[in-house]
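Trainee:
Protein chains in written order, with this note's numbering: chain A, 1 to 113; chain B, 114 to 222.
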C-alpha cells in the first residue's frame with residue numbers, strides 16, 4: 001500500500017465547468033504523476049511533478065493544468081471541461097531507487113456531459 | 114523510447130503456470146523491464162521489474178533473455194484473481210513509464 005488516495009472517486013459535470021481532481025500521498029515521495037485511461041488505450045501521461053512547484057507536461061497535457069504546493073498533494077485541473085475529457089484518471093507516485101517503479105491510486109471516474 | 118510487443122490476449126487454466134511473453138528488441142542498456150497488471154476497475158498494480166538477471170518475488174518471476182530483447186512474466190500457479198491486463202513496460206530515456214495495450218489474461222476454472 002503506497003498510501004495514495006484520490007478524490008473524488010466519481011464525478012459527473014457539465015461541459016464548460018471547471019473541475020479539480022486531488023491526489024494525496026502519505027509517503028513523502030518526490031515524483032507524482034497524472035494519467036488518463038480511455039477504452040482502447042493504455043494509460044497516457046498528462047502531467048507529472050518532480051517536486052513542490054516543479055511540474056512538466058506529458059503526452060496529453062492540452063486542456064489540463066496541475067499544481068503542487070506541498071509534497072503530499074498533486075492537483076489536476078480541467079479549466080473548462082469538455083466531453084473528450086470523460087475518462088478515468090489515475091494518480092501515481094514513483095518509489096525510491098533507480099528503477100522508476102510507480103504505485104497507483106484507485107482512480108477517479110469523470111464524466112463530462 | 115524503446116517499445117514493447119505483447120500478445121493481445123492469452124488464456125490459462127486455473128492452478129497451471131502462465132508464461133506471458135514480451136518482446137523489446139530495441140531496449141537500451143539502462144532500461145529496466147517493468148511488469149504491471151490491472152484488475153477490472155482498479156489502478157495498475159506493480160508486479161515485478163528487472164534489469165539483466167531473472168527476478169523472483171511473491172507474486173511472480175521475471176525471466177529476461179540473455180540479449181535482453183525479450184522477457185517472460187511467469188505466474189507459477191494461476192488463480193481466478195490473476196485475470197487482468199498485464200503490461201510490459203520499459204522506463205526509457207525519459208525515465209517515464211509508457212503503457213501499451215497489454216495482454217488480457219483470462220483464467221479458466
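Positions of the beta carbon are idealized from the N, C-alpha and C atoms, including for glycine.
All values reported here derive from a predicted model rather than from experimental measurement.
By DSSP's criteria, residue 47 of chain A is part of a beta bridge. Which residues make up the other side?
Mentor: In the DSSP output, where bridge partners are listed per residue, residue 47 of chain A has A:34 and A:57.
Trainee: Let me make sure I understand the geometry here. Which of B:169, B:186, B:222 and B:205 has the alpha-carbon closest to that of residue 199 of chain B?
Mentor: The residue with the shortest Cα to Cα distance from residue 199 of chain B is B:186.
Trainee: Which stretch, first to last residue, makes up the beta strand (DSSP E) that contains residue 176 of chain B?
Mentor: Residues 174-177.
Trainee: Can you tell me whether residue 197 of chain B is buried or exposed, with buried defined as 16 or more other CB within 10 angstroms of its CB?
Mentor: When all chains shown are included, residue 197 of chain B counts as buried.
Trainee: Is there a C-beta anywhere in chain B that falls below 7 Å from the one on residue 106 of chain A?
Mentor: Yes, residue 106 of chain A counts as interfacial toward chain B.
Trainee: Are the Cβ atoms of residue 79 of chain A and residue 39 of chain A separated by less than 7 Å?
Mentor: Result no, Cβ atoms of residue 79 of chain A and residue 39 of chain A do not sit closer than 7 Å.
Trainee: Taking 7 Å as the limit between beta carbons, can you name the residues of its chain near residue 159 of chain B, skipping five residues before and five after?
Mentor: Taken in chain order, the residues that qualify are 149.
Trainee: So, using beta-carbon positions, are residue 59 of chain A and residue 44 of chain A closer together than 7 Å?
Mentor: Yes.
Trainee: Which whole-angstrom value describes the C-beta separation of residue 112 of chain A and residue 86 of chain A, a residue pair presumed to lie in contact below a C-beta threshold of 8 Å?
Mentor: That belief holds up - the Cβ atoms of residue 112 of chain A and residue 86 of chain A are roughly 5 Å apart, short of 8 Å.
Trainee: Pull up the distance between the alpha-carbon of residue 109 of chain A and that of residue 46 of chain A, whole angstroms please.
Mentor: Cα to Cα, the separation comes out at about 15 Å.
Trainee: Looking at C-alpha atoms only, which residue of B:120, B:208 and B:166 is the closest neighbour of residue 134 of chain B?
Mentor: Considering only alpha carbons, the answer is B:120.
Trainee: Quick check: residue 127 of chain B and residue 219 of chain B, are their CB atoms within less than 7 Å of each other?
Mentor: No, they are not a contact pair.
Trainee: Tell me which residue opens and which closes the beta strand (DSSP E) that residue 41 of chain A is part of.
Mentor: Element bounds for residue 41 of chain A: n/a, residue is neither H nor E.
Trainee: Helix, strand or coil: which one does DSSP assign to residue 73 of chain A?
Mentor: Strand at residue 73 of chain A.
Trainee: When you compare only the Cα positions, how much space is there between residue 193 of chain B and residue 130 of chain B?
Mentor: Whole-angstrom Cα-Cα distance: 12 Å.
Trainee: Going by the beta-carbon positions, is the gap between residue 105 of chain A and residue 6 of chain A smaller than 7 Å?
Mentor: Yes, the Cβ-Cβ distance between residue 105 of chain A and residue 6 of chain A is below 7 Å.
Trainee: So, is residue 10 of chain A buried or exposed, given that buried needs 16 or more other C-beta atoms within 10 angstroms?
Mentor: That one is exposed.
Trainee: Whole angstroms is fine: what's the gap from residue 167 of chain B's alpha carbon to residue 12 of chain A's?
Mentor: Near 45 Å, if we compare the C-alpha coordinates of residue 12 of chain A and residue 167 of chain B.
Trainee: Using the beta-carbon of each residue, which ones in chain A are nearer than 9 Å to residue 214 of chain B?
Mentor: Chain A residues near residue 214 of chain B: 40, 41 and 42.
Trainee: Going by DSSP in three states, residue 83 of chain A sits in which element: helix, strand or coil?
Mentor: It is helical.
Trainee: Whole angstroms are fine: how far does the CA of residue 33 of chain A sit from the CA of residue 224 of chain B?
Mentor: An answer regarding residue 224 of chain B cannot be provided, because it is not within the stretch 114 to 222 covered by chain B.
Trainee: At which residue ranges does the region 150-200 of chain B contain complete beta strand (DSSP E) runs of 3 or more residues, listed in the order of the chain?
Mentor: Runs of the beta strand (DSSP E) inside the region 150-200 of chain B: 158-163, 174-177 and 183-188.
Trainee: Does any C-beta atom of chain C lie closer than 7 Å to the C-beta of residue 100 of chain A?
Mentor: Protein chains in the displayed structure are A and B, and chain C is not among them.
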